[in-house]
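Residue 13 is where the sequence shown starts when you use my numbering, and the numbers rise one by one after that. A short worksheet on the structure shown next.
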Amino acid sequence: MNTLKLGLAFTCLSVFVAILALNLRDNTNDSPLPSDTILRQKDVANEENARADKYAYFEKMHNAAPDVDWRAIDHQTRNKKYFEKLARQNLRSSSAVDSFANGYLIGSWKEKGSRNQSGRIVYADIDTVTNELYCA
């Protein structure tokens, strides 16, 4: 019994010393300070000029003939690419109907979320009213 009390006291003392040592440790960062740092004060008038310069550069970057409306061309191109992507997604999703459990479970898979981050399913639940599967 005395050995148990002595072991418990030693464990408590060790934990206390470890916590004290972690709290008293020097938390300063030893990395060097950045060099050639320029600190600027925010100047509203200068920012308005910078915004005007940015728009002027954007217009100059899209330089076209006087009778060509580059904004309309850009709008048409963006719409065309969007509808092509939408058609590819619809084509892919309509052909990807799967059947499981001897036809009792039929559905298609739709990816949701970011493309560059993989994950795993922890919970899954089926809504019998709408026949949708929810995964988390």
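Beta carbons are placed, not taken as given, at the ideal position from N, Cα and C, and that holds for glycine.
### Message
In whole angstroms, give me the CA-to-CA distance for N114 and G125.
### Response
The alpha-carbon atoms of N114 and G125 are separated by roughly 30 Å.
task = Return the bridge partner residues of G119 from the DSSP annotation.
result = G119 is bridged to D110.
Notebook entry, point to check: Any beta-carbon of chain D closer than 7 Å to the one on S26?
Noted result: The chain labelled as chain D is not found in the depicted structure, where only one protein chain is given.
Sequence-distant residues of its chain with Cβ nearer than 6 Å to R100 (five each side left out)
Excluding sequence neighbours, R100 sits near nothing in its chain.
Under the three-state DSSP convention, the category D65 falls into: D65: helix per DSSP, three-state reduction.
### Task
For the beta strand (DSSP E) containing Y146, list its first residue and its last residue.
Per DSSP, Y146 belongs to the beta strand (DSSP E) from 144-147.
For this session: With DSSP collapsed to three states, give me the class of A136.
Result: Looking at A136 - three-state DSSP - the assignment turns out to be strand.
- Message: Our contact map puts C147 next to I138 with C-beta atoms below 8 Å; I'd like the distance itself, whole angstroms only.
- Response: That pair is no contact at about 10 Å.
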